[in-house]
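>
Residue numbers (our numbering): 1 to 83.
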């Protein structure tokens, strides 16, 4: 998550983060979330898309590389040790 989001969230009061916001989903239905929940959604939403893309790879018969953070960190460490 970018530094901007962290600084933005840190600068908000608890009452502001708990304030409810009404909005419309893309299908036109009504939605309501707290500002804090919206920030959490922004952080987590990219994981949804990553999972969807990974599933599409598997359905096409292609095995994508792991995107699991501990595996990526291990592999990066191993590459640095060998390099």
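Cβ atoms here follow ideal geometry from the backbone N, Cα and C, with glycine treated the same way.
Hey, could you find the ends of the alpha helix (DSSP H) residue 73 is sitting in?
The residue you call residue 73 lines up with position 73 of the chain shown. Residue 73 -> alpha helix (DSSP H) spans 69 to 82.
> What residues match up with residue 91 in a beta bridge as DSSP calls it?
Absent from the model: residue 91. The displayed extent of the chain is 1 to 83, so no value can be given.
> Is the beta carbon of residue 34 closer than 8 angstroms to that of residue 85?
For the chain, the structure presents residues 1 to 83; residue 85 sits outside this window and is missing.
> In terms of residues, what are the limits of the alpha helix (DSSP H) holding residue 56?
Numbered from its first residue, the chain shown carries residue 56 at position 56. Element bounds for residue 56: 35 to 59.
> Does DSSP put residue 13 in a helix, a strand or coil?
Taking the first residue of the chain shown as position 1, residue 13 is located at position 13. Correct three-state label for residue 13: coil.
> Is residue 32 closer than 8 angstroms to residue 22 when the C-beta atoms are compared?
To locate residue 22, count along the chain shown from 1; it is residue 22. To locate residue 32, count along the chain shown from 1; it is residue 32. Yes, the pair counts as a contact, with Cβ atoms nearer than the cut-off.
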